[in-house]
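These notes concern the structure reproduced below.
Number of protein chains: 2
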Amino acid sequence: MASSTLSRKIANVLSEEILKGELMPGDRLDEQSLADRFEVSRSPIRDALRELASTRLIEQQPRRGFAVATVDTTTLRNLYEALGELEGLCARYCALRADAVQREHIRMLHAQGQDAIRQHDMSAYAEANHALHRAIYDACHNDALRDITLDVRNRLSMFHARFLFSEDRVAQSRDEHEEVVDCILRNDGNGASEAMKKHVAKTALNIISHIMPDNRKPATPEA
Amino acid sequence: MASSTLSRKIANVLSEEILKGELMPGDRLDEQSLADRFEVSRSPIRDALRELASTRLIEQQPRRGFAVATVDTTTLRNLYEALGELEGLCARYCALRADAVQREHIRMLHAQGQDAIRQHDMSAYAEANHALHRAIYDACHNDALRDITLDVRNRLSMFHARFLFSEDRVAQSRDEHEEVVDCILRNDGNGASEAMKKHVAKTALNIISHIMPDNRKPATPEA
DNA sequence: AACACACTTAATGTCGACATTTATCACTGG
DNA sequence: CCAGTGATAAATGTCGACATTAAGTGTGTT
């Protein structure tokens with residue numbers, strides 16, 4: 005929790021703020037303002053920003069500073085397509101390799117999500133949802149694949165954070181989770197993979213349909 | 005090529021040196037030494053190192069500086085498994101989505117590799133090989149997936165760089181490429197994916213069998 | 001009135017020095 | 001002779017100031 009170095013602490017704080025949606029895509033991260041806010045010099049701020057850039061949560065343009073990463077609709081679609089494939093892979097390997105403890109953990113997290121829905125506690129559901137996906141990454145027994153998937157999910161989570169899901173969508177999501185979990189528990193790799201891909205695709209459709217209407221300027225003006 | 009900022013230039017130089025194998029995994033990157041070598045202060049060096057760390061080519065341990073990333077055998081296997089899946093995905097999407105120009109480009113690059121083999125020019129083959137894989141990533145029409153795959157391949161290329169392949173292995177590799185390219189050219193997504201996964205798996209086996217004998221200390225001593 | 005040029009300003013890039021921490025090594029005690 | 005502790009030294013972490021660049025603004029001319 006308490007990282008040894010200032011820059012690490014600052015990076016963690018900023019990271020959470022971005023993930024929570026307090027800092028919006030496109031927001032500029034001014035070094036001096038941040039230095040004033042954290043009451044440190046610009047050096048640790050620079051280090052923190054560089055570190056955050058490594059997660060692609062923020063972007064740097066030389067001589068133009070850092071800004072919270074923005075993505076255009078195409079990139080968003082691509083990221084969700086990639087996330088679907090990656091989570092599908094995690095689910096497949098999870099179904100084939102997870103040990104008994106991990107399977108039980110996954111089963112339990114899914115149950116927690118169901119409880120949260122019954123109590124109409126959307127915040128608890130979001131947490132259980134996140135933990136479930138995370139548990140599946142962990143149980144795929146491939147740390148590299150887990151890290152890659154987690155990175156993509158984090159890049160996207162700043163969009164998730166800004167939208168409350170309708171009760172309908174949450175119920176649908178629960179059913180999709182159930183299919184994934186069922187496949188995992190019965191060692192059905194292909195089934196788990198397909199179910200997970202379908203689940204992510206539907207989530208993507210839901211998010212993108214919320215974002216589409218807005219006229220935010222395209223993010224990466226690269227060719 | 006000529007990046008505007010010092011740190012960017014330095015990062016590029018160091019990156020190439022790592023990718024070429026001139027800097028070996030585990031080599032420490034001392035800030036002061038690098039500052040002396042590039043005749044700049046430590047600031048741009050620090051920026052460059054932070055930027056390199058974002059590609060995972062080098063690793064940072066707080067208060068202990070940076071070092072060229074080292075991976076233990078397990079991580080290496082995981083990375084190759086992930087690379088196989090990712091390249092399989094790229095090949096699948098490539099087969100389904102590549103346009104005529106891209107298909108022709110891929111066909112040509114494969115032919116170049118074959119020529120290189122006939123002339124026993126291993127350097128040219130390595131280059132054509134790299135270009136072919138790269139062309140397949142590009143033609144998958146998903147920049148996010150392409151970038152992720154490229155990152156993993158770069159992380160592994162520092163190991164590739166240190167081994168010359170036997171003529172036997174190169175010939176085998178050529179045949180595997182041919183199968184991939186054939187599938188792509190006939191829009192066979194599943195075939196391309198499977199062929200590519202097989203190709204990467206065999207390459208991995210080849211590399212790992214070269215590395216296994218050595219007694220290098222495990223890289224990431226994390227729990 | 002519109003465009004172009006120059007100036008001002010505010011940001012990042014770079015520098016050198018100081019602070020802090022960690023690792024090494026010598027010394028002392030058992 | 002080994003182990004533990006302390007000091008020393010070398011590395012990274014942090015700081016404040018200066019240099020440089022890019023953007024914005026204002027003025028002058030066509």
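These protein sequence lines are chains A and B, in that order.
Numbered according to the numbering used here, the first sequence spans residues 5 to 227.
Numbered according to the numbering used here, the second sequence spans residues 5 to 227.
Note that the Cβ used here is the ideal one computed from N, Cα and C, for glycine as well.
Identity of the residues DSSP links to residue i by a beta bridge
i	result
B:Leu100	Partner(s): none; B:Leu100 has no beta bridge.
A:Gly69	A:Gln65
A:Arg138	Beta-bridge pairing links A:Arg138 to no other residue.
B:Arg32	B:Ala71
Contact belief for residue i with residue j at Cβ below 8 Å, rounded distance in angstroms
i	j	result
A:Arg122	A:Ser197	That pair is no contact at about 29 Å.
B:Thr59	B:Asp142	About 19 Å separates the two Cβ atoms, so there is no contact after all.
A:Gly193	A:Leu100	5 Å
B:Cys228	B:Ile188	Any property of residue 228 of chain B remains undetermined from this structure, which presents chain B solely from 5 to 227.
B:Ala57	B:Phe70	7 Å
With 16 other Cβ atoms within 10 Å as the buried cut-off, status of residue i
i	result
A:Phe169	buried
B:Val72	buried
B:Glu171	exposed
A:Pro48	buried
A:Asp51	buried
A:Phe167	exposed
A:Ala209	Reading off the sequence shown, one finds Leu at residue 209 of chain A, where the question assumed Ala. Burial call: exposed.
B:Val184	buried
B:Arg150	buried
B:Ala104	exposed
Among the options, nearest to residue i - alpha-carbon criterion
i	options	result
A:Gln176	A:Tyr129, A:Asp155, A:Leu100	A:Tyr129
A:Met213	A:Glu182, A:Tyr84, A:Asn146	In the sequence as presented, Met is not what sits at residue 213 of chain A; that position holds Ser. Nearest option by C-alpha distance: A:Tyr84.
B:Ile140	B:Glu91, B:Ala165, B:Asp179	B:Glu91
B:Gly30	B:His145, B:Ile62, B:Asp51	B:Ile62
B:Glu43	B:Val185, B:Arg150, B:Leu10, B:Asn16	B:Leu10
B:Ala205	B:Thr74, B:Arg54, B:Arg68, B:Glu89	B:Glu89
A:His181	A:Arg41, A:Arg12, A:Ile110	A:Ile110
B:Ala148	A:Glu55, A:Thr79, A:Val184, A:Asp103	A:Thr79
A:Ala249	A:Met200, A:Asp186, A:Pro66	Because chain A spans 5 through 227 in this model, residue 249 of chain A falls outside it and cannot be assessed.
A:Asn191	A:Leu136, A:Ala102, A:Gln65, A:Ala135	A:Ala102
A:Gln64	B:Arg150, B:His203, B:Ala165, B:Arg12	B:Arg12
B:His134	B:Ala165, B:Glu108, B:Val105	B:Ala165
Inter-residue Cα distance where the pair is residue i and residue j
i	j	result
B:Ile211	B:Ile152	21 Å
B:Phe163	A:Asn82	29 Å
A:Asn158	A:Lys24	11 Å
A:Ser161	A:Glu21	12 Å
B:Thr74	A:Val174	43 Å
A:His145	A:Asp76	33 Å
B:Ser37	B:Met112	44 Å
B:Asp125	B:Arg138	20 Å
B:Gln118	B:Arg178	7 Å
A:Ala132	A:Thr207	16 Å
B:Ile14	B:Ala39	10 Å
A:Ser8	A:Leu136	30 Å
A:Met216	A:Leu33	25 Å
A:Arg67	B:Glu55	15 Å
A:Leu18	A:Arg46	15 Å
A:Leu53	B:Met28	28 Å
A:Asn16	B:His203	40 Å
A:Arg107	B:Lys201	27 Å
A:Glu35	B:Arg41	28 Å
B:Ala199	A:Ala199	24 Å
A:Glu26	A:Ala120	24 Å
A:Ser127	B:Ser127	56 Å
Near the ligand ADP: residue i beta-carbon under 6 Å from a heavy atom
i	result
B:Thr77	Annotation note on the ligand ADP: not contained in the displayed structure, which lists no ligands.
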